[in-house]
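Straight run, no breaks: the sequence shown in the numbering used here ends on number 336.
No residue lacks a Cβ here, since even glycine has one placed at the ideal position from N, Cα and C.
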Amino acid sequence: MLTILDLANEFGLIHYVTDPSSLKRLIINTEVDRCGMEVMGSFVYHRKDRLSLIGNKEMSVILSTDEEEMYQRFLKLCNPECPGIIICQGYPCPPSLIRAAQEMNCPVFGTKMRTSDLLSDIVIYLSENLAEKTSIHACLLNIFSIGVLLIGESGIGKSEISMELIKKGHRLIADDMVKISNVRDKLIGRAPESIYGLMEVRGIGIVDVARIFGINSIMEKDNIDFAIVLKPYEKDMVIDRLGMKTEYLNILGINIPKITLPVSAARNIASIIEVAVTNFKLKQTGFDSAFELEKRLQEVQESRKNKEK
28 MLTILDLANE
38 FGLIHYVTDP
48 SSLKRLIINT
58 EVDRCGMEVM
68 GSFVYHRKDR
78 LSLIGNKEMS
88 VILSTDEEEM
98 YQRFLKLCNP
108 ECPGIIICQG
118 YPCPPSLIRA
128 AQEMNCPVFG
138 TKMRTSDLLS
148 DIVIYLSENL
158 AEKTSIHACL
168 LNIFSIGVLL
178 IGESGIGKSE
188 ISMELIKKGH
198 RLIADDMVKI
208 SNVRDKLIGR
218 APESIYGLME
228 VRGIGIVDVA
238 RIFGINSIME
248 KDNIDFAIVL
258 KPYEKDMVID
268 RLGMKTEYLN
278 ILGINIPKIT
288 LPVSAARNIA
298 SIIEVAVTNF
308 KLKQTGFDSA
318 FELEKRLQEV
328 QESRKNKEK
């Protein structure tokens, strides 16, 4: 749950009208309104559960309108479902709003930030904090600017492979546990705060990645674009040798492409993962090696047929 007090503390807002009980109001909507139509008296499309911002344009209407009339409009704006109202660009709180907010016990805050800047920052903050979340046992790395999730059973070597990739210049986001949020239909992964920048290596224990490999070896968060499932190699395991079929991993209702890599002592998995990510990036640009092979085979067959005629 996210309260208006949490948001006020995050952005350092000035308290104009804030009874302690009003600071417990919950924010449940990621959208934010500039209440231009409302201060003009139109509530046709008003969403009661949205945070409201007042900027230059809204303030010009407020200052040019009769105070008693504005008071009546603010009574509607300060409804019990409204999380709060923020006045931007250093404007003082109008007396009509103070009266209405006190009567409706609605919190009102102030800030010196520009309205557009605060609006975009709050939307990002709310999208991340109100997003649907889950956690999975995996490693998350940024490889060639792609967020890659490494998944596999305990003991298969995810951390050791991740360390090899970090030594090659790639960046760690999370080891062992990844917290995932669905932010506007994009998966964002990060490490739990307690283990951010740390990695467990069997036989050594906990290592501080940033101190050993440098501060550029870690990232706070990243998109999750691609998943690689690590499985122990078995002679009779079924493998898509050509890579014609695209498989997906569903997390929080979003499908991300995945591949399965057999792991054995004879294979340099870190280098293979680099190739897999590069191949994934090529597919994103429209080039698919498997279909290129199929195309060449068809051309060879056509050429042979023509020669036989």
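Which residues DSSP lists as bridging residue i, in chain order
i    : result
R198 : N169
E227 : I233
G216 : I207 and D249
H42  : F136
E159 : N209
Neighbourhood of residue i by C-beta distance below 7 angstroms, restricted to the same chain and skipping five residues each side
i    : result
R211 : S154
M86  : Y118
A297 : I188, E191, L192 and K195
I125 : V44
S49  : N132, C133 and P134
D235 : G224 and L225
V290 : I183, G184, L257, K258, P259, Y260 and I296
D46  : N132
Sequence-distant residues of the same chain with beta carbon closer than 8 angstroms to residue i, five excluded per side
i    : result
L102 : A127, E130 and M131
I200 : L167, L168, N169, G174, G216, R217, A218, I245, M246, E247, K248 and D249
M64  : F70, V71, Y72 and H73
Boundaries of the alpha helix (DSSP H) in which residue i is found, first to last residue
i    : result
A254 : Premise fails: A254 lies in the beta strand (DSSP E), F253 to P259, not in any alpha helix (DSSP H).
N36  : I31 to F38
I89  : N83 to L90
D60  : Counting along the chain, D60 falls outside any alpha helix (DSSP H), though it belongs to the beta strand (DSSP E) covering V59 to R61.
T142 : T142 to N156
I113 : Counting along the chain, I113 falls outside any alpha helix (DSSP H), though it belongs to the beta strand (DSSP E) covering I112 to I114.
L104 : E94 to L104
Cβ shell of residue i (< 6 angstroms), same chain only, five flanking positions each side left out
i    : result
T142 : L80, G82 and C115
K158 : According to the sequence provided, residue 158 is Ala. The question's Lys does not apply to it. Excluding residues within five positions, the ones whose Cβ falls inside 6 angstroms are S208, N209 and V210.
P110 : I31, R52, I54 and L78
C105 : A127, A128, M131 and C133
I149 : V59
L276 : A254, I283 and K285
V205 : I163, A165, L167 and G216
With a threshold of 8 angstroms, are at least 3 pairs of Cβ atoms found where one atom belongs to the stretch 167 to 174 and the other to the stretch 242 to 253?
yes
Can we say the stretch 159 to 169 touches the stretch 181 to 190, given the rule of at least three CB pairs closer than 8 angstroms?
yes
For the stretch 45 to 58 against the stretch 67 to 81, are there 3 or more C-beta pairs whose distance is under 8 angstroms?
yes
In chain order, which continuous runs of the beta strand (DSSP E) of length 3 or greater are located wholly inside the stretch 263 to 310?
274 to 278 and 281 to 290
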